[in-house]
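First to last, the sequence lines map onto chains A and B. Position one of the first sequence corresponds to residue 37 (the working numbering), numbered consecutively onward. Position one of the second sequence corresponds to residue 12 (the working numbering), numbered consecutively onward. In this text, a Cβ means the ideal position worked out from N, Cα and C, and glycines have one as well.
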Amino acid sequence: GAGVSQSPSNKVTEKGKDVELRCDPISGHTALYWYRQSLGQGLEFLIYFQGNSAPDKSGLPSDRFSAERTGGSVSTLTIQRTQQEDSAVYLCASSLEVGELFFGEGSRLTVL
Amino acid sequence: EDQVTQSPEALRLQEGESSSLNCSYTVSGLRGLFWYRQDPGKGPEFLFTLYSAGEEKEKERLKATLTKKESFLHITAPKPEDSATYLCAVANQAGTALIFGKGTTLSVSS
């Protein structure tokens with residue numbers, strides 16, 4: 037497809053389980069971002085990848101959160117030992133230019 | 012600390028009733044101000060980039076303007092299909108992320 041693809045679209049898990057969320061960016065986009073959006077809250081920056089540079093992980097809320105980007109393309113966000121406060125929509129975006137981000141439709145995570 | 016504040020939180024308009032949304036920002040060195048539109052259940056969609064005070068951008072019924080402290084998104088004669096949440100963002104100093112406001116949810120009724 038031409039857009040950013042995220043999977044799963046919905047994930048329900050039990051507290052304490054690990055989850056993996058996947059993002060397939062637009063082909064050729066060198067920058068990839070993960071954001072989190074909670075009900076009534078703005079978009080919260082999590083992590084940024086740019087080419088082969090070291091990622092900017094400054095937005096990750098705890099060491100339970102990690103992300104990798106393999107081969108400069110697909111990215112996986114992993115949340116270990118999920119907590120109820122991790123429930124949110126996780127949005128991935130890719131870009132070529134600063135500021136013009138193309139977002140996927142998000143992965144809605146519900147932690148019971 | 013870089014910060015973006017949007018107002019109002021919600022705005023209800025009648026079709027054809029023009030209005031403006033406000034985005035106030037505090038950033039150490041503006042590297043661009045960005046407007047996005049987000050429909051329910053979707054990711055945000057890019058609308059405009061503004062780089063310097065006095066700059067204006069237009070797209071259909073939307074016009075974005077920028078001053079040294081704030082940006083406005085003017086909506087002229089809105090239609091129901093303009094109903095969405097409008098998000099404003101600035102680039103952080105490192106240029107590695109956009110800092111988003113919480114958005115203004117616009118509802119236009121016919």
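Listed by chain order, chain B residues near residue i by CB distance under 9 Å
i: F101 (chain A); result: None at all; the shortest Cβ gap to chain B is about 15 Å.
i: L127 (chain A); result: G54 and P55
i: G95 (chain A); result: A108
Nearest candidate by alpha-carbon position, reference residue i, set the options
i: E66 (chain B); options: B:R72, B:K79, B:L58 and B:P89; result: B:K79
i: R117 (chain A); options: A:V125, A:V110 and A:S98; result: A:S98
i: G40 (chain B); options: B:W46, B:R72 and B:G106; result: B:G106
i: W46 (chain B); options: B:R72, B:L22 and B:L84; result: B:L84
i: A67 (chain A); options: A:F139, A:V147, A:L75 and A:S143; result: A:F139
i: L82 (chain A); options: A:L113, A:S43 and A:K47; result: A:L113
i: V147 (chain A); options: A:E136, A:P61 and A:S74; result: A:S74
i: D122 (chain A); options: A:E136, A:F101, A:V134 and A:S45; result: A:F101
i: E122 (chain B); options: B:Y97, B:P55, B:A108 and B:I86; result: Here chain B comprises residues numbered 12 to 121, so residue 122 (chain B) is not present and cannot be evaluated.
Residue burial classification, residue i (beta-carbon count within 10 angstroms, cutoff 16)
i: Q17 (chain B); result: buried
i: Y62 (chain B); result: exposed
i: R48 (chain B); result: buried
i: Q119 (chain A); result: exposed
i: R72 (chain A); result: buried
i: D92 (chain A); result: buried
i: Q14 (chain B); result: exposed
i: S131 (chain A); result: buried
i: A64 (chain B); result: exposed
Unbroken beta strand (DSSP E) run spanning residue i, endpoints
i: T116 (chain B); result: T115 to S120
i: D60 (chain A); result: V55 to D60
i: N33 (chain B); result: S30 to T37
i: A95 (chain B); result: A95 to A102
i: E104 (chain A); result: F101 to R105
i: R72 (chain B); result: That residue, R72 (chain B), is in no beta strand (DSSP E); it is neither H nor E in DSSP.
i: L41 (chain B); result: Careful: L41 (chain B) lies outside any beta strand (DSSP E) and carries neither H nor E.
i: E121 (chain A); result: Taken as a continuous stretch (DSSP letters only), E121 (chain A) belongs to no beta strand (DSSP E), as it is neither H nor E.
i: S41 (chain A); result: S41 to S43
i: T60 (chain B); result: E56 to L61
i: Q25 (chain B); result: A21 to Q25
i: L109 (chain B); result: L109 to F111
Identified DSSP bridge partners for residue i
i: D13 (chain B); result: Answer is none; D13 (chain B) lacks a bridge partner.
i: I83 (chain A); result: A:W70
i: V147 (chain A); result: A:T49
i: A129 (chain A); result: A:Y69 and A:F139
i: S111 (chain A); result: A:C59 and A:R105
i: L84 (chain B); result: B:L32 and B:A75
Chain-ordered neighbours of residue i on chain A, where CB pairs are closer than 7 Å
i: K53 (chain B); result: E141
i: F45 (chain B); result: G135
i: T60 (chain B); result: G135 and E136
Listed by chain order, chain B residues near residue i by CB distance under 7 Å
i: Q120 (chain A); result: None at all; the shortest Cβ gap to chain B is about 22 Å.
i: V84 (chain A); result: A small correction: the amino acid at residue 84 (chain A) is Tyr; Val does not occupy that position in the sequence shown. Residues of chain B passing the Cβ test: T107 and A108.
Closer than 8 Å to chain D by CB, residue i
i: V48 (chain A); result: Reference to chain D is not applicable here, since the protein chains of this structure are A and B.
Where residue i meets chain B, residues with beta-carbon distance less than 8 Å
i: Q77 (chain A); result: K113
i: D92 (chain A); result: A105, T107 and A108
i: G52 (chain A); result: Simply none; closest approach about 28 Å.
The ligand ATP heavy atom lying under 7 Å from the CB of residue i
i: S41 (chain A); result: With respect to the ligand ATP, the structure offers nothing, as it holds no ligand at all.
Contact list for residue i against chain A, beta-carbon separation under 9 Å
i: R42 (chain B); result: V134 and G135
i: T96 (chain B); result: Residues of chain A passing the Cβ test: none, with the nearest at roughly 10 Å.
i: A102 (chain B); result: V134 and G135
i: T116 (chain B); result: Correct list: empty, because the minimum Cβ distance to chain A is about 11 Å.
Beta-carbon neighbours of residue i, restricted to chain A and to distances below 8 Å
i: G106 (chain B); result: V134
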